[in-house]
Every structure is written in structure tokens, then in C-alpha cells.
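Everything below concerns the one structure shown next.
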Amino acid sequence: MERQTVELPDGQTSHREIVRHAKAVGILAIDDQDEMILEKQWRAPVAKTVLEIPAGKVDDRDEADLTHAVYRELNEEIRMVPDRVEKLCGFYSSVGFSDEFMELYLASGLKPVEDKLPRDKGEFLELSTVSLPTALAMIKDGKIEDAKTITAILYWQMLKQK
1 MERQTVELPD GQTSHREIVR HAKAVGILAI DDQDEMILEK QWRAPVAKTV LEIPAGKVDD
61 RDEADLTHAV YRELNEEIRM VPDRVEKLCG FYSSVGFSDE FMELYLASGL KPVEDKLPRD
121 KGEFLELSTV SLPTALAMIK DGKIEDAKTI TAILYWQMLK QK
């Protein structure tokens, strides 16, 4: 975390706390039944279990090609490898306090991996699949609250309307 003093438009100064964060990828993983794969996992910052799309930080191995991170995260988290990967969009996850930039990808043609990569330490995931109408209802009902997941679902809806 970094603390900055910034000058406001009216000339006054204010303090800001900024979290510097690695780039990340989020993955809208669609199976052969046209359902998205969700992960349920405990998240300490919000002190509860959250439904999310597969996602993870980009590291040195991925800088030249972010799809490397997509394949790695899908292997580690849902034990699948896609036939097709397509970049959908990029966004800042929370511009009020962090510089994290996430690239959202669509992954389809999923098949089980042959060689499983180790999961991140302390990562315990429960997987489920949902259709687009169910995912939209889960947002409306407050069952999906994660911003990257909501972004992915709304992007999926937009793709269906084309």
C-alpha cells in the first residue's frame, strides 16, 4: 500500500491510500452445455464465501502473452483446458483505491486437463455451473456480488444478443 498526497481541483490537498496490484485475468469459462463455471470460495476481506469466475494474477511467466495466465488459472482452479480463448475487455477492478487492471477472457471448448498444476496454497474451491438466465437471476437476488463476475455475466448476455 502506498500513501499519496494529492492536489484537488480546488487547490486543496488530500491523502489517498493506494493499493498497487499486479495485472490479473478473469475468465468466463463456458462448458459444452452453454453454462458458465463458477467457483465458491472464502474471501477474508469480505469475511464470507463468494461466487466468482476463475481468475488470478499475471506474473513474469505471462507478461509476453496473457493467455498463458488464462490457461494456467483454468488448470489450477477448474482443472480444464480450453480449445478457444478470446479476449473480451479490460477494466480497472476498483479505481477508488487500487491500480489493478483485469483482462476478461472467454474460454470455451473445455476439456479435462491431463497434467494438473498445483493449486495456490490455501485455495479451497467448490465448482458449479449455471446458465445465463440463472446467473442473471443470481445477480438480481444478491447471490453474486463480485464485480468481475457480474461484468463477465453481463458481457455474456451482450454476446448472446448479437
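Mapping to UniProt numbering: the sequence shown position 11 is 11, numbers consecutive. Even for Gly, the Cβ is constructed at its ideal location relative to N, Cα and C.
- Task: Give the C-beta separation of Lys111 and Met80 to the nearest angstrom, bearing in mind that I take them to be a contact with Cβ-Cβ under 8 Å.
- Result: 7 Å
- Is there contact between the region 126-135 and the region 26-39, where contact requires at least three CB pairs shorter than 8 Å? yes
- Can you have a look at Glu73 and say buried or exposed, based on whether 16 or more other CB atoms are within 10 angstroms of its CB? buried
inquiry  = Relative to the C-alpha of Glu100, which candidate in Ile37, Lys148, Ala64, Glu126 has its C-alpha closest?
reply    = Lys148
Query raised in the report: What separation, rounded to the nearest whole angstrom, lies between the Cα atoms of Val50 and Arg43?
Result: 7 Å
Is the beta carbon of Glu114 within less than 7 Å of some heavy atom of the ligand NAD? Because no ligand of any kind appears in the structure shown, any question about the ligand NAD cannot be addressed here.
Discussion item. Less than 8 Å between the beta carbons of Ile53 and Leu66, yes or no?
Written reply: no
Buried or exposed: Val70, going by 16 or more other Cβ atoms within 10 Å of its Cβ?
-> buried
- [ ] Kindly give me the distance between the Cβ atoms of Gly109 and Arg84, rounded to whole angstroms, as I take these residues to be in contact under 8 Å.
- [x] 5 Å
Host beta strand (DSSP E) of Thr102 (start-end)
Note that residue 102 is Met in the sequence shown, not Thr. Per DSSP, Met102 belongs to the beta strand (DSSP E) from 101-108.
Helix, strand or coil at Lys57 according to DSSP, with G and I counted as helix | strand
I'd like to confirm the pairing. Which residues does DSSP put opposite Leu28 in its beta bridges? Leu106
Exercise. Any chance you could list the beta strand (DSSP E) runs of at least 3 consecutive residues sitting entirely within the region 84-155, in chain order?
Key: 84-92, 101-108, 126-130
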